[in-house]
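Participant: Start counting the sequence shown at 1197; every next residue gets the next number (this note's numbering). Where a beta carbon is used, it is the ideal one built from N, C-alpha and C, also for glycine. Computed from a prediction, not measured in an experiment: that's the story for all the values here.
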Amino acid sequence: MKTRSRSRPSVLSPTVILGFDMETDVGSFTPFYEGLVHGTPKILKTLERHGAPATFFFVGEAARAHPEVVRAVAAAGHEVGAHTLQHETIGEEIFPLPMVKPVLPEECAHRIAIGTRMVEKVLEKKVVSFRAPRLWGSTAMVRALEDLGYVADCTYPLYHFGKQLAPYHPSRRDWTRRGSMRILEIPNFADLTIRSRDPYGRDRDQWPIFRTKGAAALMRHVDRMLAHLARRRIPPVICLYLHPWEFHPMPQGALNFGECAVKPKPFIVKNCGRVALREFDRLLGMLAERGATFRTARDLALRWDPRDF
């Protein structure tokens, strides 16, 4: 009796969404824009060299403070999205952070609307893609985005929820589940093939591996996840999140301003600047070697059909 052999599914070339969160240096913990001003031009040059489009999610206050950066991004052919009004937490907290308290659900829609208008005023064009700070989203947030006409949200933290392995249209009752909303939720890459030792799953997250351990280290996680998706016949979409301040040297030790000082953990600012830029360049090359197609969040949302990817 012959046994029927089962063919091993081939690993497909990924679709890659490069997302940059355009905010103050080191996220919520400083008022400085050194990275946004000096790091963004370096990012744009690297993207141009690789012919890779990207989506830049601007905090409203950052767009107002540095409209020239918004215009430079748009002039280079990339998508400009939004990233809240003041880099506040508008979603549900996943893990505790000092000096960070989520806004009330009732505040969510109003704050997103104000931040969106601030970016649109500079861009002179409608903004349709969003990402929440820290990847902390909520059902109230996604409902607000849908009502404002957004088509893409790049917030879902795969490292934590671990359920949605491909872009999906969320439910109005629970944004982490599939439903019938128009907006497309694009999960952020995480390596689910490794067993997490963190209660929140953060050691499966992609950030900031490319900078602290190198592009090759991140690509090992990508390759494992691509094989994982292929076995499940799930279209491979790799969404990455990065920040312009990673591409400009950040001070080591305490950051002094006002009446206090903030001292980030060493990994937060490790290898910011030249090393990060070099490894980002290598990362894009490695993704291209795997046949990656680079798209903006808007582009993916408007053409998304799992059968085509």
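By Cβ distance below 7 angstroms, which residues in the same chain neighbour R1420 in space, the five residues on each side in sequence not counted?
Facilitator: As a first step, residue 1420 must be located in the sequence shown, where it is residue number 224. Excluding sequence neighbours, R1420 sits near D1387 and T1389.
Participant: From G1454 to R1260, what distance separates their C-alpha atoms?
Facilitator: Locating residue 1454 in the sequence shown gives position 258, where the first residue counts as 1. Locating residue 1260 in the sequence shown gives position 64, where the first residue counts as 1. Using only the alpha carbons, I get a separation of about 22 angstroms.
Participant: Nearest-angstrom Cα distance between T1199 and V1222?
Facilitator: If you number the sequence shown from 1, residue 1199 lands on position 3. If you number the sequence shown from 1, residue 1222 lands on position 26. In this prediction, T1199 scores a pLDDT of 41, lower than 50, which makes its location untrustworthy; no coordinate-derived value is stated.
Participant: Specify the secondary structure class of C1304 as computed by DSSP and reduced to three states.
Facilitator: Working through the sequence shown from its first residue, we reach residue 1304 at position 108. Looking at C1304 - three-state DSSP - the assignment turns out to be helix.
Participant: State buried or exposed for N1452, treating a residue as buried only when at least 16 other CB atoms are found within 10 Å of its CB.
Facilitator: Against the sequence shown, residue 1452 aligns to sequence position 256. So N1452 counts as exposed.
Participant: Between the alpha carbons of T1211 and C1456, how many angstroms are there, rounded?
Facilitator: Locating residue 1211 in the sequence shown gives position 15, counting from the first residue. Locating residue 1456 in the sequence shown gives position 260, counting from the first residue. Straight-line Cα distance between these residues: approximately 43 angstroms.
Participant: Run the CB neighbour count on I1495, radius 10 Å, all protein chains shown included, and call it buried at 16 or more, exposed below.
Facilitator: Working through the sequence shown from its first residue, we reach residue 1495 at position 299. It is Asp, not Ile, that sits at residue 1495 in the sequence shown. Buried.
Participant: Is the region 1311 to 1329 touching the region 1342 to 1355 in the sense that three or more CB pairs, one from each, lie closer than 8 angstroms?
Facilitator: Output reads yes: the region 1311 to 1329 touches the region 1342 to 1355.
Participant: Check whether the Cβ atoms of F1291 and Y1396 sit closer than 8 angstroms, and answer yes or no.
Facilitator: Working through the sequence shown from its first residue, we reach residue 1291 at position 95. Working through the sequence shown from its first residue, we reach residue 1396 at position 200. Yes, the pair counts as a contact, with Cβ atoms nearer than the cut-off.
Participant: Whole angstroms are fine: how far does the CA of I1213 sit from the CA of E1485?
Facilitator: Translated into positions along the sequence shown, residue 1485 becomes position 289. Translated into positions along the sequence shown, residue 1213 becomes position 17. Rounded to whole angstroms, E1485 to I1213 spans 16 angstroms at the Cα level.
Participant: Looking only at its own chain, which residues have a Cβ that is under 6 angstroms from the Cβ of P1502, when we skip the five neighbours before and after it?
Facilitator: Residue 1502 sits at position 306 when you count from the first residue of the sequence shown. Closer than 6 angstroms at Cβ, skipping near neighbours: P1431.
Participant: Could you check which residue in Y1437, E1381, R1391 and S1376 has the C-alpha nearest to that of I1405?
Facilitator: Here residue 1405 is taken as the residue at index 209 of the sequence shown, counted from 1. Among Y1437, E1381, R1391 and S1376, the Cα nearest to that of I1405 belongs to Y1437.
Participant: Exposed or buried, what is I1310 when buried is set at 16 or more other beta-carbons lying within 10 Å of its beta-carbon?
Facilitator: For the purposes of this step, residue 1310 is identified with residue 114 of the sequence shown, where counting begins at 1. With fewer than 16 Cβ atoms within 10 Å of its Cβ, I1310 is classed as exposed.
Participant: Could you tell me how far apart the beta carbons of A1248 and L1480 are, in whole angstroms, since I believe they sit closer than 8 angstroms?
Facilitator: In the sequence shown, residue 1248 corresponds to position 52, counting from 1. In the sequence shown, residue 1480 corresponds to position 284, counting from 1. Indeed, because the Cβ distance is near 6 angstroms, the residues count as touching under 8 angstroms.
Participant: Which one or two residues does DSSP pair with M1218 in a beta bridge?
Facilitator: The sequence position of residue 1218 within the sequence shown is 22, counting from 1. The partner list for M1218 (beta bridge, DSSP) reads F1254.
Participant: Nearest to F1225 by CA position, among T1492, L1483, K1461 and G1487, is which residue?
Facilitator: Locating residue 1225 in the sequence shown gives position 29, counting from the first residue. Taking only the C-alpha atoms, the option nearest F1225 is K1461.
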